[in-house]
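Remarks on the structure that follows.
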Amino acid sequence: MSRFVAATPLAQPLVLGVAFTIPRHDRARSMRTGVSARSIKLRIDPALDLLFVSEITLPSNLDCLAALTSPNVVAVSLRSASLELLPEAPCTGPHRGPTLNALSSGHCFVTAHDRKAHIASFGERQVHPDWIDMQVQGHINLLDYLRADWFTVELSGTHRRRLSKPLPLRLLLTFDVEELTHSNPPLAA
Numbered sequence: 087m088s089r090f091v092a093a094t095p096l097a098q099p100l101v102l103g104v105a106f107t108i109p110r111h112d113r114a115r116s117m118r119t120g121v122s123a124r125s126i127k128l129r130i131d132p133a134l135d136l137l138f139v140s141e142i143t144l145p146s147n148l149d150c151l152a153a154l155t156s157p158n159v160v161a162v163s164l165r166s167a168s169l170e171l172l173p174e175a176p177c178t179g180p181h182r183g184p185t186l187n188a189l190s191s192g193h194c195f196v197t198a199h200d201r202k203a204h205i206a207s208f209g210e211r212q213v214h215p216d217w218i219d220m221q222v223q224g225h226i227n228l229l230d231y232l233r234a235d236w237f238t239v240e241l242s243g244t245h246r247r248r249l250s251k252p253l254p255l256r257l258l259l260t261f262d263v264e265e266l267t268h269s270n271p272p273l274a275a
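Position in the sequence shown (first residue = 1) + 86 = my numbering.
This is the structure in structure tokens:
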């Protein structure tokens, strides 16, 4: 008796939330007084001050990734990606720092096993003060990345202006997971 095998999506998508902080802009510090050394000031493109890179390395044994341990899982693809502004701690009062409007563009990458996948990006049109809906880049099977012992999620891009305070945010990645299902063929009459 033969069986049919098909890949079907799981009913519930897999959601991974990652907290990042884009640090505030630090000016170059001057040398301590009393130090007799010659200071060399490099003139670098001012636009380089407006770049940011934040990354975090995560283990694959997170509770939210438990569904990926099933041997029947054959594919994981990104459904959606978004950024949310995190509220400050209650002891600091209302949020007076920068909003997500400070960001101009950005890209999200996942890296594992010395391979890097560009999974989402955003431009000025997607930016709102409290959230950014990113555009998914292609339909890459991310199963090998998320099953690695450790994988890195990177967020990089450009600011519209220098940040005077750190920018706390959450990256939410929603994945579709496909599993193999086995079914018996219909019986012949």
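Where a beta carbon is used, it is the ideal one built from N, C-alpha and C, also for glycine.
All of these numbers come straight from a predicted model, not from anything done at the bench.
Check whether residue i and residue j have beta carbons under 8 angstroms apart
i             : j           : result
proline 173   : leucine 253 : no
glutamate 265 : valine 139  : no
leucine 186   : leucine 137 : no
Status (buried if at least 16 other CB within 10 Å, exposed otherwise) for residue i
i              : result
valine 121     : Caution is warranted here: a pLDDT of 40 is assigned to valine 121, below 50, making its placement in the model unreliable, and no coordinate value can be reported.
isoleucine 218 : buried
glycine 192    : buried
leucine 169    : buried
isoleucine 205 : buried
Distance between residue j and residue i (C-alpha atoms, nearest Å)
i                 : j              : result
arginine 165      : leucine 258    : 11 angstroms
valine 162        : leucine 249    : 35 angstroms
threonine 238     : histidine 199  : 10 angstroms
threonine 267     : threonine 244  : 44 angstroms
leucine 229       : aspartate 216  : 30 angstroms
cysteine 150      : threonine 260  : 11 angstroms
phenylalanine 208 : threonine 197  : 19 angstroms
phenylalanine 195 : serine 146     : 16 angstroms
arginine 233      : isoleucine 108 : 27 angstroms
valine 222        : alanine 167    : 7 angstroms
serine 190        : arginine 246   : 5 angstroms
leucine 144       : arginine 110   : 24 angstroms
methionine 220    : arginine 201   : 22 angstroms
alanine 188       : serine 242     : 13 angstroms
tryptophan 236    : leucine 171    : 26 angstroms
valine 104        : isoleucine 142 : 8 angstroms
Under the three-state DSSP convention, the category residue i falls into
i              : result
leucine 228    : coil
threonine 238  : strand
aspartate 262  : strand
threonine 185  : coil
aspartate 216  : coil
leucine 137    : strand
leucine 172    : coil
leucine 154    : helix
arginine 256   : strand
arginine 246   : coil
arginine 165   : strand
glycine 179    : Here glycine 179 scores only 49 on pLDDT, less than 50, and its place in the model is too uncertain to base an answer on.
arginine 110   : coil
isoleucine 126 : Because isoleucine 126 sits at a pLDDT of 36, beneath the cut-off of 50, its placement in the model cannot be relied upon, and the point is left open.
Beta-carbon proximity list for residue i, same chain, < 8 angstroms, skipping 5 on both sides
i                 : result
valine 263        : Pro95, Leu96, Pro99, Leu100, Ala153, Leu154, Val159, Ala161, Val162
leucine 148       : Leu102
isoleucine 226    : Ser163, Leu164, Ala203, Ile205
valine 213        : Leu186, Asn187, Leu189, Ser190
phenylalanine 106 : Ser140, Ile142, Leu241, Pro254, Leu255, Arg256, Leu257
arginine 211      : none
proline 157       : none
Same chain, Cβ closer than 7 angstroms to residue i, five either side skipped, listed in chain order
i            : result
tyrosine 231 : Val196, Ala198, Ala203, Phe237
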